[in-house]
């Protein structure tokens, strides 16, 4: 019996969510086939790649990355260069320096930086917080206000601060809300339900289902993304049809494979290459599982992953 | 297609003779349908019916064995498309390519890479499992590479569409049970004869899925079902489409002719681009590549890839565990502070990662908690003052370590008093509740 192709197109679709404004805006989601399965039906919006920059600048960045950013001095220059990175679809500004503690960055400072970055780039902007939910809620509210109309995604609203973040980012300033849960399909759904009950339109929600570096419990990440995509597509679960954004760089550059120097572990070889490959392997695996966007930081990883996505579309 | 209990019942003698150990033929048929007992438990079933049933009740994807001895590997045998449904059983093998089309320097580098990668991660030895010997045009150089590859002590995949040359290669390497790959629509008869003669797995290719399917059907008709499908097509997109569709046809649509493991040649799809090859190895580890071929393997490639593979090929119902014991970190010695946590692999990784980041020498103690996370283990009674005291005794901590300071997980800070009672002489300090706070905590503690 000859082989007959049986394209698997679902009746339900992933929500289409736009980020940014003007000519350079992008759209995530929209597909009615399993992520990357462009052989089942054309995929209108290919997965997107974000370039992460930190409010702390380039301190401690690996050499090839420093080379890429060259003599960028201000955060605006860094942002501009990040936006120009081949393969970049959006820029993600992370407020590492805002974490409560000695010398923490104030909310006002964060707003100032966010405005400088937004003014320097014309591709969409994503704002990531400092992992402290309370501080994040304060930063997001003020930055969302300052960047009204730019259609910015905020990462993320969590269970403990979703009311404040949802109300300010999603309702008051009509920006995009990232809903962050920790690798559990039920928690992800619950947070989406809570946010929609608050009045945030589901077209304004994006999920961050949690992340891990390859080898560090990544099976939970992969299976959570896969289960969410199947629930959204095959079962038509409207509370799980939001596109998925997975921050990768923030996980992969802090595991020992990327951190241990060549002096301490000579047999492991070049440290920067280890960091790059860890970022590439994790990002490719996230996309294979079904992420609609990944956030990376090294120019080599951005080039490779964007080329892989282009080759698959 | 799978048969129902009723279908099988119709094929039984229907005598209820109980010779199979079941009260009725119907009960027997139901169990066979579930795969609980094999059909040949019934002594009265004819061979003809048996063959028919074997075919119908066989798993959707064959398990194919390659290599011998410690280099024997199982490929395929998967029953699901997603690991949350059921464990993926045969892990993706990473193979490094040598070729008569490569420079001598590149081949030497590939052999050196294969010898170099060898380490252990959570109880699993990580190394390049297979050498892919590719024939392009220089037969003498190719046979020389087969010889060298054969001496590496790994499983070989001999990719040679020229049956006469392949015969010579097998004179050198057949004993190690390599894969003979390169059968296609035009040469499959000669290649099949060669594979059958040496009892080897045959690798089949095609210019598209229709041709591949066609060739496999012809080979099956000739009696060979010991196959691997090289699903590498002209480019990345077509290869991904082929790999996914082959697996989907086998598992979802019950297409037996595609129910074989796969080879994905990333070295060919992204020649010269090691970053892209690693990205593809990751993609095809999640999406149905049984063997992935790369141009080389450095620790930069190996560490994330083997880590990923170890994660993906685990039982989704069973948490991954690390061995209980003492793990000295950052050059810790017997005088370094002790920090105890559970044997859930994820907890171990997060905690050991943060401890390593702190740079403070710590003896990380992993206690047996059934593979649960801290709070779950505590709630289930698997992490308690008594279990910790028992672990201290079994692992002989008091004699092995001189320090008498023990940091316990902040989430079970309530255990402090009880542990102090069970471990007299020890100073018990609860850590902050989240692992991420450990760096600051340990540095301040050490200062």
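Residue numbers (my numbering), protein chains in the order written: chain F, 603 to 915; chain D, 321 to 767. Glycine included, each C-beta is placed from N, C-alpha and C at the ideal position. As the structure is a prediction and not an experimental result, all values here were calculated from the model.
- The alpha-carbon of residue 665 of chain F is positioned some 58 Å away from that of residue 542 of chain D.
- Residues of chain F whose Cβ lies closer than 9 Å to the Cβ of residue 603 of chain D are, in chain order, 638, 886, 887, 889, 890, 910, 914.
- Between residue 410 of chain D and residue 559 of chain D, the alpha-carbon positions lie close to 20 Å from each other.
- When rounded, the separation of the alpha-carbon atoms in residue 596 of chain D and residue 711 of chain D is 46 Å.
- For the C-beta of residue 556 of chain D, the chain F residues within less than 8 Å are, from N- to C-terminus, 910, 913, 914.
- For the segment 720-766 of chain D, the full-length alpha helix (DSSP H) segments reaching 4 residues or more read 736-742, 758-766 along the chain.
- A contact between stretches requires three or more CB pairs, one per stretch, nearer than 8 Å, and the segment 358-374 of chain D fails this requirement with the segment 392-406 of chain D.
- Residue 343 of chain D has no beta-bridge partner at all, per DSSP.
- Scanning its chain for C-beta atoms nearer than 8 Å, with the 5 sequence neighbours on each side dropped, one finds around residue 692 of chain D the residues 639, 662, 664, 700, 702, 703, in chain order.
- If you look at residue 759 of chain F, you'll find it in the beta strand (DSSP E) that goes 755-759.
- It is roughly 28 Å from the alpha-carbon of residue 417 of chain D to the alpha-carbon of residue 639 of chain F.
- Only those residues of the segment 782-805 of chain F whose C-beta falls short of 8 Å from the nearest C-beta of chain D would be listed, and there are none.
- Residue environment: residue 641 of chain D is assigned as buried (16 or more neighbouring CB atoms within 10 Å of its CB, all protein chains considered).
- Distance from the Cα of residue 711 of chain F is smallest, within the candidate group F:893, F:626, F:741, for F:741.
- If you draw a straight line from the Cα of residue 670 of chain D to the Cα of residue 851 of chain F, it is about 16 Å long.
- Cβ-Cβ separation between residue 729 of chain F and residue 622 of chain F: approximately 13 Å, too far for a contact (criterion under 8 Å).
- Between residue 608 of chain F and chain D, the shortest Cβ-Cβ separation is below 8 Å.
- Contact between the segment 322-336 of chain D and the segment 699-713 of chain F is absent: fewer than three C-beta pairs spanning the two stretches fall below 8 Å.
- Contact note: residue 596 of chain D reaches chain F through 906, 909, 910, using a C-beta cutoff of 8 Å and chain order.
- Residues of the segment 394-405 of chain D that bring their beta carbon within less than 7 Å of a beta carbon in chain F comprise 402, 403, 404, in sequence order.
- Between residue 625 of chain F and residue 448 of chain D, the alpha-carbon positions lie close to 48 Å from each other.
- Residue 633 of chain D sits in coil when the DSSP states are folded into three classes, being neither helix nor strand.
- For residue 511 of chain D, the secondary structure class from DSSP, reduced to helix, strand or coil, is helix.
- Between residue 414 of chain D and chain F, the shortest Cβ-Cβ separation is not below 8 Å.
- The beta-carbon separation of residue 825 of chain F and residue 853 of chain F, rounded to 17 Å, does not stay under the 8 Å limit for a contact.
- Annotation: the segment 398-452 of chain D contains the following complete segments of the alpha helix (DSSP H) (minimum length 4 residues), in chain order: 424-436.
- What residue 694 of chain D touches in chain F, judged by beta-carbon distance under 7 Å, is nothing: the nearest beta carbon there is about 14 Å away.
- Secondary structure note for residue 762 of chain F: it is in no alpha helix (DSSP H), with a DSSP letter that is neither H nor E.
- For a Cβ distance threshold of 8 Å, residue set 639, 641 of chain F lies close to residue 564 of chain D, ordered along the chain.
- One finds nothing in chain F with a Cβ atom closer than 8 Å to the Cβ of residue 481 of chain D; even the nearest lies about 22 Å away.
- For the 8 Å CB-CB criterion, residue 769 of chain F and residue 800 of chain F form a contact.
- Annotated as distal: residue 658 of chain D and residue 563 of chain D, with beta-carbon spacing of 8 Å or more.
- A distance below 8 Å between beta-carbons, with the five flanking residues on each side excluded, links residue 473 of chain D to the following residues of its chain, in chain order: 391.
- Pairing residue 705 of chain D with residue 735 of chain D gives a Cβ-Cβ distance under 8 Å.
- Counting only residues of its own chain and dropping the five nearest sequence neighbours on each side, residue 755 of chain D has a CB closer than 7 Å to the CB of 670, 671, 674.
- Between residue 760 of chain F and residue 782 of chain F the beta-carbon gap is near 5 Å, inside 8 Å, which marks them as a contact.
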